[in-house]
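Take any residue in the sequence shown, count from 1 to its spot, add 1233: that is its number in our numbering. Ideal Cβ placement from N, Cα and C applies to all residues, glycine included. Here's the structure we're looking at; comments come further down.
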Amino acid sequence: MLSTFPSNAESKLVNAIRENDNAVISLVATLDEKIIGHILFSPVTTHPSTHEKGLGLAPVAVDPAYQSKGVGSKLIRAGLQMCIDQQYDYAVVFGNPKYYTRFGFQKARGFGLQNEYGVDDQFMVVKFKSLPVGGLVKYVSEFSLFLV
Ligand SMILES: CC(C)(COP(=O)(O)OP(=O)(O)OC[C@H]1O[C@@H](n2cnc3c(N)ncnc32)[C@H](O)[C@@H]1OP(=O)(O)O)[C@@H](O)C(=O)NCCC(=O)NCCS
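Structure (structure tokens):
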């Protein structure tokens, strides 16, 4: 999986999130006992705070040799179903709207939700039960350490 991203920042990020017990949902896709894909969800908070429980989808990665074969879609759909099963209210993601709208994500800005990184159209949200009324959505601090 190291080859999926141009640097090892994502591997370090995933390790740090796991070590800090912030990996709420973590799934792997395997083929012949080899890991070919992975997805992680960690908690997000809104400021000002609200009672809704949200998760951030990041990262999702598929081994380049197996991309565009539906593996990423399966991981995302299974992950979102687990969010619902675990009674989460919403999930957010940074990603290409063309890809993530197929899973129900919509532009978060349309719901008054901002992020810390100044990302606009590519910051997206999917509602399971209810959305915060608006505000700044913050990922766990590991993201600031490894991805800025
Ligand atoms: C993004 C990623 C997880 C998608 O997984 P995948 O198994 O390749 O995707 P799927 O087979 O489920 O879906 C393929 C479709 O997604 C599109 N797609 C894949 N990556 C995309 C991206 N970054 N932006 C927009 N569209 C993308 C493909 O063009 C294809 O479109 P089509 O169905 O219209 O033909 C995978 O390509 C990947 O690991 N990319 C590198 C890491 C990355 O950018 N991760 C996301 C940020 S954390």
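Within the present structure, is the beta-carbon of P1292 separated from the nearest heavy atom of ligand 1 by less than 8 angstroms? Judged by the Cβ position, P1292 qualifies as a neighbour of ligand 1 at the 8 angstroms threshold, a heavy atom of the ligand being closer than this.
Got a sec: does ligand 1 put a non-hydrogen atom nearer than 8 angstroms to the Cβ of V1304? Yes - ligand 1 has a heavy atom lying nearer than 8 angstroms to the Cβ of V1304.
If distances are taken between C-alpha atoms only, which option among A1294, D1318, S1259, A1249 comes closest to K1362? Among A1294, D1318, S1259, A1249, the Cα nearest to that of K1362 belongs to D1318.
Pick helix, strand or coil for L1288, following the three-state DSSP scheme. Looking at L1288 - three-state DSSP - the assignment turns out to be strand.
Along the alpha helix (DSSP H) that carries S1259, what are the first and last residues, could you check? Membership of S1259 in any alpha helix (DSSP H) is not indicated; the residue belongs instead to the beta strand (DSSP E) covering 1258 to 1264.
Counting only runs of 3+ residues fully inside the segment 1323 to 1379, write out the beta strand (DSSP E) ranges in chain order. Fully enclosed beta strand (DSSP E) runs of 3 or longer: 1323 to 1327, 1346 to 1348, 1356 to 1360, 1368 to 1372.
Do V1359 and ligand 1 come close, with the Cβ less than 8 angstroms from some heavy atom? Not one heavy atom of ligand 1 is found less than 8 angstroms from the C-beta of V1359.
Beta carbon of T1279: closer than 8 angstroms to some heavy atom of ligand 1? Result no, Cβ not under 8 angstroms from ligand 1.
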